[in-house]
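What follows is a single structure, written as structure tokens, with notes after it.
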Ligand SMILES: [Zn+2]
Ligand SMILES: [Zn+2]
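Numbering (the working numbering), first residue to last: 708 to 903.
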């Protein structure tokens with residue numbers, strides 16, 4: 708009898724190769740990364756979202772799994788996997804939120820970091836506007852954008868914008884982000900009230 712393998716299959720399936728010295732069970736291949744797995748089942752929607760069509764977590768987010776988690780495999784939520792791959796690490800305690808309010812979307816441009824409080828405020832805000840007259844990137848009034856800009860002006864440091872109290876301006880966190888990043892109309896840094 709050949710010696711049985713003592714190391715589990717390197718694919719992460721949790722099984723053991725039938726013979727000692729074999730790295731993989733016959734026919735098994737190296738596991739894809741979580742991101743590679745994610746990209747295998749996404750399609751671009753008309754709205755620009757990159758939508759996962761595989762299984763979902765109980766809360767409706769893409770449930771990405773490769774192999775057997777804990778046995779060399781791994782699992783993760785699709786939007787977080789996409790954020791980490793395309794943008795960077797997610798600081799402890801922050802959530803990856805959706806501008807587009809589409810939980811199955813993993814388009815990095817539609818993702819942003821926020822606190823749990825932002826998440827709740829964002830949901831409340833979007834819920835209030837569910838009638839569809841206000842899309843996530845609908846512009847705030849010129850006046851509100853200006854006030855947000857004044858509040859932000861002079862702040863430095865990563866995520867400094869995320870500490871602006873968006874609901875106070877009738878805005879969502881994502882709108883604040885778009886204003887301070889310049890992708891939504893905003894006065895130039897240093898402009899004074901009355902200049903806009
Ligand atoms: Zn295997
Ligand atoms: Zn999207």
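Beta carbons: idealized from backbone N, C-alpha and C, even for Gly.
Exercise for review: Go through the residues and name those whose CB comes closer than 7 Å to any heavy atom of ligand 1, in chain order.
Suggested key: In chain order, the residues with a C-beta atom nearer than 7 Å to some heavy atom of ligand 1 are 716, 718, 719, 720, 722, 731, 732, 735.
Review point. Roughly how many angstroms separate the alpha carbons of residue 724 and residue 886, rounded to a whole number?
Key: Along the chain shown, read from residue 1 onward, the residue named residue 724 stands at position 17. Along the chain shown, read from residue 1 onward, the residue named residue 886 stands at position 179. Between residue 724 and residue 886, the C-alpha separation is close to 56 Å.
Practice item. Would you kindly check if the distance between the Cβ of residue 748 and the Cβ of residue 761 is under 7 Å? Key: Residue 761 sits at position 54 when you count from the first residue of the chain shown. Residue 748 sits at position 41 when you count from the first residue of the chain shown. For residue 761 and residue 748, yes; Cβs fall inside 7 Å.
**Study point:** For residue 869 and residue 730, the rounded distance between their alpha carbons
**Key:** What you label residue 730 is simply residue 23 of the chain shown in a count that begins at 1. What you label residue 869 is simply residue 162 of the chain shown in a count that begins at 1. In a straight line, the C-alpha of residue 730 is about 47 Å away from that of residue 869.
Exercise for review: Within the region 781-822, note down every full beta strand (DSSP E) run reaching 3 residues or more, in order along the chain.
Suggested key: Counting only runs of 3 or more, we get 781-784, 802-805, 818-821.
Review point. Quick one: what does DSSP say residue 759 is sitting in, helix, strand or coil?
Key: For this step, residue 759 is matched to residue 52 along the chain shown. The answer is strand: DSSP assigns residue 759 an E or B state.
Check your understanding: If residue 780 sits next to residue 771, beta carbons under 8 Å apart, how far is it from one beta carbon to the other, in whole angstroms?
Key -> Counting from one through the chain shown, the residue named residue 780 turns up at place 73. Counting from one through the chain shown, the residue named residue 771 turns up at place 64. The pair is not a contact, with the Cβ atoms about 11 Å apart (cut-off 8 Å).
Review point. Is there contact between the region 853-865 and the region 804-817, where contact requires at least three CB pairs shorter than 8 Å?
Key: no
Practice item. Would you mind sorting residue 882 into buried or exposed? The rule is 16 or more other CB atoms within 10 Å of its CB. Key: Residue mapping note: residue 882 aligns to position 175 of the chain shown, counting from 1. Residue 882 comes out buried.
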